[in-house]
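Presented below is the structure to which this report refers.
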Amino acid sequence: MSLLYRRLVGATGFSIQGLKSCFRYEEAFRVEVFLVVVLSPLGFYIADSSQDLALLFAAMLIVLIVELLNSAIEAVVDLVSPGKAELAGRAKDQASAAVMLSMLLFVAVWAAIGWQFFAGVAGK
1299 MSLLYRRLVG ATGFSIQGLK SCFRYEEAFR VEVFLVVVLS PLGFYIADSS
1349 QDLALLFAAM LIVLIVELLN SAIEAVVDLV SPGKAELAGR AKDQASAAVM
1399 LSMLLFVAVW AAIGWQFFAG VAGK
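Given below as structure tokens:
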């Protein structure tokens, strides 16, 4: 077994552990995964092109990615700063703001493509 293969397998294992732990301990991540599962079929239905479909799925994945990073930042901050500290609070707030911005992007992309689809359906 080559070193590259072993590293890839190891990295994949750590990534799966990260997804599992985030799903287990973070309610927001569970809600976002639920939305991805529910909205994915709708994405295939409303996408007029492969580019639209890619945008819809990218918007969903960006929310999950940023939520994973937010959860990691919160865990590290809680570990190193168990009490109240201004910098710890700022780090958590800024990570939370990143999640909010990713959700705004999600809403904008889905609204634009959804509007395109439903306006086209209504116009036919």
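Note that our numbering has the sequence shown beginning at 1299, numbered continuously upward. Note that CB positions come from ideal geometry on N, CA and C, so glycine has one too.
Residue closest to residue i, alpha-carbon to alpha-carbon, out of the options
i, options, result
"M1398", "A1410, I1360, I1411, V1419", "I1360"
"G1412", "A1386, M1358, I1344", "I1344"
"F1355", "L1377, K1318, M1401, G1308", "M1401"
Cβ pair residue i, residue j closer than 8 Å
i, j, result
"E1372", "K1390", "yes"
"V1335", "F1321", "no"
"L1367", "A1393", "yes"
"F1327", "S1369", "yes"
"D1346", "F1415", "yes"
For residue j and residue i, believed in contact at Cβ under 8 Å, the rounded distance
i, j, result
"L1353", "V1407", "5 Å"
"V1375", "A1357", "V1375 to A1357, Cβ: 27 Å. No contact."
"G1341", "L1351", "6 Å"
Simplified DSSP state of residue i, which is helix, strand or coil
i, result
"S1347", "coil"
"K1424", "The shown model of the chain, from 1299 to 1422, leaves out residue 1424, and the question about it has no answer."
"S1300", "coil"
"E1325", "helix"
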